[in-house]
Amino acid sequence: MLSPQSTEVIRATLPVVGAAIGDITTLFYRRMFDAHPELERDLFNRGNQKQGEQQKALAGAIAAFATLQLEPDSAKVDLILSRIAHKHASLGITPDQYAIVHEHLFAAIVEILGDAVTPEVAAAWDEVYWLMAETLITMERGLYQLAGVETGDVWRTVRVSERVLQSADTVSLTLSSVDGSALPTFAPGQYLSVGVILP
Ligand code: HEM
């Protein structure tokens, strides 16, 4: 839970941060991808980056989480975090990457909001970020353990053994292992990230 002091600062600054979320998000990704081109090349969906809407998911989720901290509703919080953790686990996100996102997200917040980010405001949003990040890191560790893989070690090469066009924009792919060994089981509706080599 957020400290009472941070709760009041978040309540007072949420409208300003919320209104600037679009600008903060754009600057955050630009900064992060300049410093870590491998994340843009190999991790984030480039189509989503071009299209822009998905970009808002990360910073938007932090603002949504901050809002929920003002009126704690743990069932809702768990639902939001669990979905994000499942998405992250499907991508092999690792704990050290949270410090990278933190660095560039907070630099973007300071650049966009300027003097409004007093040390007190920065500390309160820092608390929100790490509260969320630490919960996600713990959930993701649990998912890796459940799948029996090392943290972040989720990628494997598979063969597409069948491809069926279901409709104009839906394709079913049947995947098999390359060496004949059994593939892991899956839960209905689980995220399955697909990595392909792009130019
Ligand atoms: C507290 C920190 C974070 C929050 C609140 C957050 C939030 C989110 C949300 C809401 C989504 C969309 C989930 C969905 O589609 O259902 C997402 C996706 C994603 N996140 Fe995070 N995230 C955080 C940290 C990170 C970190 C540290 C990384 C790694 C650098 C990361 C990489 C990704 C990627 C690659 C996607 C898929 C987006 C795409 O490819 O278009 N996130 N995240």
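Counting from 352, one number per residue, gives the positions in the sequence shown under my numbering.
The beta carbon of each residue, even a glycine, is placed where N, CA and C say it ideally should be.
Whole-angstrom distance between residue j and residue i, CA atom to CA atom
i	j	result
Ala-410	Ala-458	13 Å
Trp-506	Arg-397	18 Å
Ser-528	His-437	23 Å
Val-500	Leu-394	19 Å
Asp-466	Pro-366	16 Å
Tyr-480	Leu-487	11 Å
Glu-391	Lys-407	16 Å
Val-428	Leu-421	12 Å
Ala-371	Thr-536	42 Å
Leu-482	Asp-447	15 Å
Val-461	Pro-550	34 Å
Helix, strand or coil at residue i according to DSSP, with G and I counted as helix
i	result
Thr-469	coil
Tyr-542	coil
Thr-418	helix
Gly-373	helix
Ile-413	helix
Arg-507	coil
Leu-562	Since the first residue of the chain shown is 352 and the last is 550, residue 562 is not available in this structure.
Glu-501	coil
Beta-bridge partners of residue i, as assigned by DSSP
i	result
Glu-513	Thr-525
Ser-518	Thr-521
With 16 other Cβ atoms within 10 Å as the buried cut-off, status of residue i
i	result
Ile-451	exposed
Glu-485	exposed
Glu-404	exposed
Glu-491	buried
Gly-443	buried
Ala-386	exposed
Val-472	buried
CB of residue i within 7 Å of CB of residue j, strictly
i	j	result
Leu-494	Ala-533	no
Asp-530	Ile-463	no
Arg-510	Leu-524	no
His-453	Phe-379	no
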